[in-house]
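Comments concern the structure below.
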Amino acid sequence: MNLRIEPVGPFQTNCLVLAGTSPHVLIVDPGAEADRLLACIKREQWKPAAYLITHGHVDHLSAVADLADVFPAPILIHPLELPWAFAPTNAVPPFFSSPRPPAAPLTFIQDSQRLTLANLSWVVLHTPGHSPGCVCFHFESEKMLISGDTLFRDSVGRTDLEGADPRQLAASLRRLAALPPETRVLPGHGEETTIGRELRVNPFLRECAQRSGRP
């Protein structure tokens, strides 16, 4: 797998571009700077096979409609995000207005669903807590997890936002703590890490792991 990370927007959201052995790519969380992302796609001659959305917060999907207008491809999102993802309440002034809904229909994804596109295969993990429909994408053969805003290096997603739930987040973190420690973690913001490192130094993940009985 070839991986490219493009931090975008005022909150420096990690937009990820994943390529297998073909020119087709997966684009994860195109949250802002649509013009720059479009220029990058054209320059690299990528062919988007799908847009993957970890959750519906404005800084993770604001550019998806513009990208899909030019390079149509399925937009994969959990259905629990749909009621509010493109609503006026999802604006964060002065940084973001509410996201424009894509012209194409959305493709809903579910927990434990296995998907294969662009010569890549992964499993959807529903990890609510930061928002109701938060998901992570587990690329098992690559030993890699795209964690969105569920798990960060040294921290975890906020639970003081509308629709967040600290108890759900704790359950989601216990699930992630059970992944192999060598699993590479690519979060929605900030630097990458591993499950093993976070189990050692991240107090939130350590506490959740200990409550589940993991040493």
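Heads up, the sequence shown stops at 215 in our numbering, and the numbers go up one at a time, no gaps. By construction, the Cβ of each residue, glycine as well, lies at the ideal position given by its N, Cα and C atoms.
Span separating the alpha-carbon of residue i from that of residue j
i	j	result
P166	G129	6 Å
L133	S22	Checking the displayed sequence, the identity of residue 133 turns out to be Gly instead of Leu. One C-alpha to the other measures close to 30 Å.
F139	L18	11 Å
P181	L173	14 Å
N14	Q113	23 Å
L106	P74	7 Å
P30	F137	15 Å
K42	A209	43 Å
I146	V185	6 Å
P7	D154	19 Å
M1	E142	8 Å
Residues of its chain near residue i, where Cβ-Cβ distance is below 6 Å and the 5 sequence neighbours each way are ignored
i	result
F152	P187, G190
M144	R184
A32	V8, G9, S62, A63
F108	P79
Residues sharing a beta bridge with residue i, DSSP
i	result
N90	N90 is not bridged to any residue.
L179	The partner list for L179 (beta bridge, DSSP) is empty, contrary to what the question assumes.
M144	F139, R184
R4	V17
K47	H24
R100	Its beta-bridge partners do not exist; DSSP assigns none.
T193	V185
Beta-carbon gap between residue i and residue j smaller than 8 Å
i	j	result
I195	L169	no
D59	G20	no
Cβ of residue i within 8 Å of any chain D Cβ
i	result
P93	Protein chain content of the structure displayed is limited to a single chain, and chain D is not contained in it.
Chain-order list of residues whose beta-carbon lies under 7 Å from that of residue i (same chain, five-residue window excluded)
i	result
L26	L18, A49, A50, L52, L117, A118, L120
R206	L199
Own chain, CB closer than 8 Å to residue i, minus 5 neighbours either side, in chain order
i	result
W84	G56, N90, E162, G163
Q. Okay, do the region 65-85 and the region 31-39 touch, 3+ Cβ pairs below 8 Å being the bar?
A. yes
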